[in-house]
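Below is one structure, written out as structure tokens, with a few remarks after it.
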Amino acid sequence: MKRILVVDDDIEVLETIQLILEIGGFKVSALNDGEEIFNRIEQFNPDLILLDISLGHIDGRVVCEQLKSIESTSKIPILLISGLYDPKDFTTLNYGQDDFLSKPFQMDVLLKKITKILSLEQDEKYLMN
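Number 63 in full-length UniProt numbering belongs to position 63 of the sequence shown; there are no gaps in the numbering.
Encoded structure:
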């Protein structure tokens with residue numbers, strides 16, 4: 001079972017995403033504060049991180065860049081989400097994310113993006129062996 005860490009400061013969004021992902025067959029850890037992300041990654045060992053850009057006083061783009069710059073977390077795929085940005089903004093801006101999804105989004109679109117990212121990750125592991 002693939003493990004997904006969801007980080008969003010909006011509790012309702014967080015709970016909705018968690019429920020949908022659990023129904024979709026994923027093991028989910030939900031976090032509403034970006035400050036705890038490094039501890040949670042160490043404890044949970046996620047296969048993918050779903051990371052909101054606006055986390056109160058923390059910028060998810062900065063967290064994404066930090067995660068991608070650290071060897072122990074650099075290979076974890078990150079799907080950035082935000083209601084403040086349009087997907088075309090991320091065709092030129094790269095913070096190390098593996099993909100971007102604009103809020104509000106359809107849950108089936110979220111599941112497709114997650115499945116695509118995780119299958120690409122699996123393909124890369126297969127090719128490296």
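Each residue gets a CB set at the ideal place from its N, CA and C atoms; glycine is no exception.
**Leu67: first and last residue of the uninterrupted alpha helix (DSSP H) it sits in** = For Leu67, the enclosing alpha helix (DSSP H) starts and ends at 60-69.
**When Lys2, Gly24, Phe26, Leu31 are compared against Glu12, the one with the closest alpha-carbon** = Out of Lys2, Gly24, Phe26, Leu31, the CA that lies nearest to the CA of Glu12 is found in Leu31.
**Request:** With a threshold of 16 other CB atoms inside 10 Å of the CB of Leu84, please say whether the residue is buried or exposed.
**Result:** Counting Cβ neighbours within 10 Å, Leu84 comes out exposed, since fewer than 16 surround it.
**Request:** Give, in chain order, every unbroken run of the alpha helix (DSSP H) that is at least 4 residues long and sits entirely within the UniProt domain "Response regulatory" (3-118).
**Result:** DSSP assignment within the UniProt domain "Response regulatory" (3-118) yields the following whole alpha helix (DSSP H) runs of 4 residues or more, N-terminal first: 11-23, 37-44, 60-69.
**Message:** Once the 5 residues before and after Asp59 are set aside, which same chain residues still bring their CB inside 8 Å of it?
**Reply:** So the qualifying residues of the chain are Ile53.
**Prompt:** Cα separation between Asn39 and Asp9?
**Reply:** CA-to-CA, the gap between Asn39 and Asp9 works out to about 17 Å.
**Asked** Which residues in the same chain have their Cβ closer than 8 Å to the Cβ of Ile76, if we skip the five residues on either side of it in sequence?
**Response** Hits under 8 Å: Ile41, Pro46, Asp47, Leu48, Ile49, Leu67.
**Item:** Environment of Ile23 [buried if 16+ CB atoms lie within 10 Å]
**Value:** Residue environment analysis places Ile23 among the exposed positions, since fewer than 16 neighbouring C-beta atoms fall within 10 angstroms of its C-beta.
**Item:** Helix, strand or coil at Tyr126 [DSSP, three-state]
**Value:** At Tyr126, the pLDDT of 44 sits below 50, so the modelled position is not reliable; the number obtained from the coordinates is stated separately. In this structure, DSSP gives Tyr126 a helical state, which the three-state scheme calls helix.
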